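Protein chains: 2
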Amino acid sequence: MELRHQVAVTLAEVAEAAGVGESTVSRVLRSHGSFSDKTRERVMAAVERLGYVPNRIAGTLASAGSRLVAFVIPSLSNIVFPDVLRGASAVLEENRHQAVFAVTDYDPQKEEALVASMLAWRPAAVVLAGCEHTEGTAKMLRASGCRIVELLDLDGEALDIAVGFSNRAAGHASAEFLLTRGYRRIGYVGHDLIRDTRAGKRFKSFCETLGMHDVPLVDREIVAGASSVENGQVGLEQLLARTPALDAVYFSNDDMALGGYFHCLARGIHIPSRLALFGYNGLDIGRVTPQPLSTVRTPRVATGRVAAQLIVENAPSQIVDLGFELIEGATA
Amino acid sequence: MELRHQVAVTLAEVAEAAGVGESTVSRVLRSHGSFSDKTRERVMAAVERLGYVPNRIAGTLASAGSRLVAFVIPSLSNIVFPDVLRGASAVLEENRHQAVFAVTDYDPQKEEALVASMLAWRPAAVVLAGCEHTEGTAKMLRASGCRIVELLDLDGEALDIAVGFSNRAAGHASAEFLLTRGYRRIGYVGHDLIRDTRAGKRFKSFCETLGMHDVPLVDREIVAGASSVENGQVGLEQLLARTPALDAVYFSNDDMALGGYFHCLARGIHIPSRLALFGYNGLDIGRVTPQPLSTVRTPRVATGRVAAQLIVENAPSQIVDLGFELIEGATA
DNA sequence: ATGAAAGCGCTAACAT
DNA sequence: ATGTTAGCGCTTTCAT
């Protein structure tokens, strides 16, 4: 690994080798401005021969126009965010932009620190989850002059661009669905609702909708820790131990609901006649379980894609509601 | 959004406002070199007042030492890679490094293009999956002078640092396990083995081990498309339609195995007495299914963490074998 | 069509 | 302890 210390080839060296000026090399490399075919060939030959790799750090500094897009996301364990990144990175790569990311663990203070850190890269845009941020985060972002994209939560004030759907509407639709199916003794199994504000909004709206129909939520179980299949299992087990006479359970998301589903399978609790289960997210796996999971499918990849598209075309401030889809499934 | 066009505060302006020289501001901000307490206070006050955010683009260019770490990964759908990123990003954030990423879709040509693109950011390290790369990729990487970290596959030549385990050993262990349990009519359900070379290595070694015991693989079903729960379902269904008399099936990974498991649950195929199932990865969800999935658990998060640690401490070239764990489970 | 030269905002000697 | 200055490698006027 002696090569490690070698010095990178610079544009000046390419210019020298090609016998042209630096600006000519720059023009050729970016196909910008004018130059003769012969010049281009000589430059490209030199680039090839020297193995020149342009230094984008220098380029960005000189042109004051960054093609970096910073993602400050709550988690990588929750499949939602890899899905969003997937949609976004495809579009960004096509448009010669570059994704940078950092993980907040659902901590607003950490989000603030990471946004500050990201801003130091002078990104073209900062992409965040939701519209709940600290004062400091919002202030920095507004002062930065870069585009701000908030994803997956339209229930609040957007700073610039927002792409996603309404979690309140999702919670509402879920409650209406269960009520329409005739369920009246409904419980809830969820994870930390303070940190995951979007899950909190769904739950709140879910309860309000039940209330409007004079069907109070019978019981709830909030597990410690992040959402996971295992926690869904444990949560449902504890909920049922305390309140056996439920006819339906709403989960904070599909991971949790799958845990509940497995619990029922293992215990021989018949679904949905004895107990109905309803999730959120519409994960692929929920379509393949012996009984497809009843849930709300969210446009995660599309959210990333649309967000990236708006960024690369420097679209005006706007709110894009991508909606969601209620999946009837067979568990409710 | 009129703020968008505002010009960022520079270090020079902070220096001016604080009535000190530029280098003093730089020293204070990086807590490097010496300065009086009084000076520090004045500088910090100015920073606060002006809302100064250091420009890391300029800083990196000037100091020729990048804290960027570039991840060029095959996929974000396969949970393996979000897991690796998760482990890595935690360590990188603690050490003031920054993760950048791009997705290859398991395409070596695309990997080459993305590596070239990443190198333009002059990262401290480039992190790749596996040790199979195009000539061009390897050449560029070696010529770049930056650290190279290859993950999740120790069965090959490492360019610089490699962290992970042996897929061949995993395939071998899986076969030995099934044989020890007495299974003799074994099939395989997998996805594209050309693109996912690590799955290919596991399968090859699996077959070789069976062969060493004179137990040929009875049949295999390679589904079109990426690995997924749904494809695992479909794959097993087709395999059994063609070759019903199997007593065990090895899957390319847990996603596929879960699909197979659901298929059996739905069809009332008793597990493991009628058919045994064996996966790969050790996903959390496999621990919570009514019968825990028999599989090999891989150290995905740890792989990311160790890789990041070696990068931040600029460790010497080395191979780190993190091993894997065979999970007996209840499906085989 | 091409080159010269002035930055971009910072860091790192080198002075003082 | 602090200021001055010369770059880092590129892009971008502005000449020619």
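These protein sequence lines map, in sequence, to chains A and B. 1 is the number of the first residue of the first sequence in the UniProt record's numbering; add one for each residue after it. 1 is the number of the first residue of the second sequence in the UniProt record's numbering; add one for each residue after it. For glycine and all other residues, C-beta sits at the position ideal for the given N, C-alpha and C. Note that the structure is a prediction, hence the values are computed from the model and not measured.
Here B/C146 is near B/V126, since their CB atoms are less than 8 Å apart. For the region 91-103 of chain B, the set of residues with a beta-carbon nearer than 9 Å to any beta-carbon of chain A comprises L92, E93, R96, Q98, A99, V100, F101, A102, V103, in chain order. A distance below 7 Å between beta-carbons, with the five flanking residues on each side excluded, links B/K110 to the following residues of its chain, in chain order: T104. Leaving aside the five residues that flank B/P299 on each side, the residues in its chain whose CB is nearer than 6 Å to its CB run, in chain order, L322.
Contact note: B/A58 reaches chain A through L61, using a C-beta cutoff of 8 Å and chain order. Among the residues of the region 281-293 of chain B, those with a Cβ less than 8 Å away from any Cβ of chain A are D284, I285, R287, V288, T289, P290, in the order of the chain. About 26 Å separates the beta carbons of B/G235 and B/M212, which is beyond the 8 Å limit, so they are not a contact pair. No Cβ-Cβ contact shorter than 8 Å links B/L258 with B/I222.
At a cut-off of 8 Å between beta-carbon atoms, B/N167 makes no contact with chain A. Residues of chain A whose Cβ lies closer than 7 Å to the Cβ of B/N253 do not exist; the shortest such Cβ separation is about 13 Å. Under a 10 Å Cβ-count criterion, B/P272 is classified as buried, with 16 or more other Cβ atoms of the shown protein chains found around its own Cβ. In this structure the region 158-173 of chain A does not lie against the region 182-195 of chain A, because fewer than three pairs of beta carbons, one per stretch, are closer than 8 Å.
Per the C-alpha coordinates, the member of B/A15, B/R42, B/T295 positioned closest to B/A173 is B/T295. Only residues of its own chain outside the window of five on either side were considered, and among them L119 have a CB closer than 6 Å to the CB of B/S144, listed in chain order. Contact check between the region 91-101 of chain A and the region 52-71 of chain A: three or more CB pairs, one atom from each, fall below 8 Å, which counts as touching. Residues of chain A with a Cβ closer than 7 Å to the Cβ of B/L76 are, in chain order, P82, L85, R86. A buried status is given to A/K201, since no fewer than 16 other beta-carbon atoms sit within 10 Å of its beta-carbon.
Taking B/A169 as reference, the option from B/R42, B/L326, B/N314 with the minimal CA-CA separation is B/L326. Neighbours of A/S89 in chain B, taken as residues whose beta carbon is under 9 Å from its own, are L76, F101, A102, V103 in chain order. The contact set of B/L265 on chain A, defined by CB atoms closer than 7 Å, consists of P290 in chain order. Shown in chain order are the members of the region 228-240 of chain A whose Cβ falls below 7 Å from a Cβ of chain B: S228, V229, E230, Q233. For B/P82, the number of other beta carbons within 10 angstroms of its own is at least 16, and it is reported as buried.
Of all residues in the region 119-136 of chain B, only L119, A120, W121, R122 place a beta-carbon less than 9 Å from a beta-carbon of chain A.
Among the CB atoms of chain B, none fall inside 8 Å of the CB of A/A158. What A/L50 touches in chain B, judged by beta-carbon distance under 7 Å, is nothing: the nearest beta carbon there is about 10 Å away.
Per DSSP, B/F35 is not a residue of any alpha helix (DSSP H), being assigned neither H nor E. Using beta-carbon distances, B/A143 counts as an interface residue toward chain A, with a partner under 8 Å. Under the DSSP definition of a beta bridge, A/F71 partners with A/F101, A/V127. Rounded to the nearest angstrom, the gap between the Cα atoms of A/E176 and A/A332 is 12 Å. Of the candidates B/D155, B/G329, B/S117, the residue whose Cα lies closest to the Cα of B/L141 is B/S117. Of A/W121, A/Y188, A/V84, A/D196, the smallest CA-CA separation from A/E132 is found for A/D196.
CA-to-CA, the gap between B/E230 and A/E41 works out to about 51 Å. Per DSSP, B/Q318 is one residue of the beta strand (DSSP E) stretching across 318-321.
When 9 Å is used as the limit between beta carbons, B/A308 is near no residue of chain A, the shortest such separation being about 13 Å.
The beta carbons of B/A129 and B/I73 sit closer together than 8 Å. For B/A17, there are no C-beta contacts with chain A under 9 Å, since the nearest C-beta of that chain is about 16 Å from it.
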